[in-house]
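Just below is one structure, and these are the notes that go with it.
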Amino acid sequence: MDVNVEAVKIYLLNLQDRICETLAQEDGQKTFLEDSWQRPGGGGGRSRVLEEGAVFEKAGVNFSHVYGADMPASATAHRPELAGRAFSALGVSLVIHPRNPYVPTSHANVRFFIAEKPAADPIWWFGGGFDLTPYYGFDEDCVHWHRTAKHACDPFGAEVYPRFKQWCDDYFHIKHRNEPRGIGGLFFDDLNHWGFDQSFAFFRSVGDHYIPAYQPLVARRKQLAYGVREREFQLYRRGRYVEFNLVYDRGTLFGLQTGGRTESILMSLPPIVTWRYDWRPEAGSKEAELYEKYLKPHPWV
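Heads up: the sequence shown begins at 83 in my numbering, then just goes up one per residue.
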């Protein structure tokens, strides 16, 4: 079995290009600024950020490829079989924070990892997925998002979407609040049991379905009128996003543990966020509906 790291890299760079082009067109006023960086221990990346756009208050789409002669102890604590191996990790990760509270925040990540040492088989896997974090819920948006996620999975078996949807619901859960981050989507990790070619094909399918899942929602909601109430609720709910990314997110933790570029790792954080002490939504409000209906696991398709 041949593992083709270069093919993965070529795909990821092209994916970053395609996503940035589509989002910039949707924004209409801003383009992505590019920042290439090098990691002292090996490798680097290409960060692209759009800030203060007409539609996107902040959008970051990062490509990174980092490698080294040995995994740090902090990264092998739960995977001792990786100790003493040279590693290479590459992926595209993005977080989109819209300006209009009726446009949901979205996240996507597709990544590949390989660890090698002489006279031993390589250890490798694919991971990633995409998930949606609305501030105000719309059934048709949730159905479209999950239907597109299911389409990404369908060619690989009827059991794939239900399994990876459940994994997403479980993973993007803010444990200290016992609260989902959003309405989910897909999440997978340690994927290698199909072999490289089939695993890579699924990886590409997930990456390729992100824009068809998200762009129609942006186009549908970006012109809706909103006021101070909706904006304040959006900023409050962004706090949940910060909490999850800093406490639980595997990509954030891995990037910091392996000496990645801090600015690029933390580009996922929103530009403006608020916290309120023990705030509760008004009964019967659209804000309460988010908690009561949308922030609960649901079979949308």
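Glycine residues also receive a C-beta, built at the ideal position from the N, C-alpha and C atoms. These numbers come from a predicted model, not from an experiment.
Within-8 Å CB hit, residue i to chain C
i      : result
Asn260 : Given the protein chain composition of this structure (a single chain), no chain C is represented.
Given residue i as reference, the closest of the options once Cα atoms are compared
i      : options                           : result
Asn182 : Arg311, Gly333, Tyr323 and Thr344 : Arg311
Lys112 : Arg332, Pro294, Glu139 and Ser129 : Glu139
Asp117 : Gly127, Glu108 and Arg313         : Gly127
Glu108 : Gly267, Leu351, Arg303 and Leu95  : Arg303
Gly125 : Leu115, Ala168 and Ala136         : Ala168
Pro381 : Tyr184, Ala106 and Arg245         : Arg245
Leu273 : Glu163, Glu88 and Arg193          : Arg193
Val300 : Asn96, Val90, Glu88 and Gly110    : Gly110
His233 : Pro186, His291 and Trp249         : His291
Ala386 : Leu97, Ile101, Val137 and Gln98   : In the structure displayed, the chain extends from 83 to 383; residue 386 sits before or after that span and is not available.
Trp206 : Asp84, Ile354, Arg130 and His179  : Asp84
Gln297 : Glu88, Arg100 and Val131          : Arg100
His186 : Gly321, Ile92, Ile265 and Asn96   : Residue identity check: residue 186 is Pro in the sequence provided, not His. Among Gly321, Ile92, Ile265 and Asn96, the Cα nearest to that of Pro186 belongs to Ile265.
Leu351 : Gly267, Val324, Glu369 and Gly337 : Val324
Cys235 : Phe254, Lys199, Arg286 and Lys91  : Arg286
Val131 : Ala165, Gly166, His179 and Ala89  : His179
Arg313 : Arg322, Thr158 and Ile354         : Ile354
Terminal residues of the beta strand (DSSP E) in which residue i lies
i      : result
Lys140 : Phe138 to Gly150
Glu180 : According to the sequence shown, residue 180 is Pro rather than Glu. Taken as a continuous stretch (DSSP letters only), the beta strand (DSSP E) holding Pro180 covers Ala168 to Pro180.
Gly210 : Ile205 to Thr215
Val192 : Thr187 to Glu198
Distance, residue j Cα to residue i Cα
i      : j      : result
Ala231 : Pro216 : 16 Å
Ala240 : Phe269 : 16 Å
Phe315 : Ala141 : 20 Å
His189 : Asp251 : 14 Å
Glu134 : Asn191 : 23 Å
Gln238 : Asn86  : Per the sequence shown, residue 238 should be read as Phe rather than Gln. Taking the straight line joining both Cα atoms gives about 21 Å.
Met153 : Arg121 : 14 Å
Leu94  : Val177 : 16 Å
Asn260 : Val242 : 26 Å
Tyr373 : Tyr318 : 13 Å
Ala155 : Glu163 : 12 Å
Pro294 : Ala201 : 43 Å
His258 : Tyr330 : 10 Å
Tyr218 : Ser367 : 11 Å
Phe284 : Arg229 : 16 Å
Phe195 : Thr334 : 15 Å
Glu371 : Tyr184 : 14 Å
Phe326 : Asp213 : 13 Å
Lys378 : Ala151 : 43 Å
Lys375 : Phe220 : 10 Å
Lys247 : Gly289 : 15 Å
Gln305 : Ala106 : 16 Å
Arg161 : Asp271 : 14 Å
Pro204 : Ala197 : 6 Å
Val89  : Gln98  : Checking the sequence shown, residue 89 turns out to be Ala, not Val. Looking at the two C-alpha atoms, the distance is approximately 14 Å.
Leu338 : Ser129 : 16 Å
Ile92  : Glu369 : 43 Å
Thr267 : His275 : Going by the sequence as given, residue 267 is Gly instead of Thr. Looking at the two C-alpha atoms, the distance is approximately 22 Å.
Leu115 : Phe208 : 28 Å
Met349 : Leu328 : 12 Å
Phe254 : Asn96  : 27 Å
Continuous alpha helix (DSSP H) stretch holding residue i: start and end
i      : result
Leu78  : Any property of residue 78 remains undetermined from this structure, which presents the chain solely from 83 to 383.
Gly123 : Unbroken run through Gly123: none, as it is neither H nor E.
Gly321 : Val310 to Val329
Arg332 : Arg332 to Gln339
Arg100 : Val87 to Asp109
Three or more C-beta pairs below 8 Å linking the stretch 142 to 150 and the stretch 167 to 182: yes
Restricting to runs no shorter than 3 residues, where is the beta strand (DSSP E) found entirely within the stretch 229 to 288? 266 to 273
Cβ contact (3+ pairs, closer than 8 Å) linking the stretch 277 to 293 and the stretch 348 to 358: no
At 4 residues or longer, and completely inside the stretch 347 to 381: list those alpha helix (DSSP H) runs for me, N to C. 368 to 371
Could you tell me whether the stretch 220 to 231 touches the stretch 336 to 353, using the rule of 3 or more Cβ pairs below 8 Å? no
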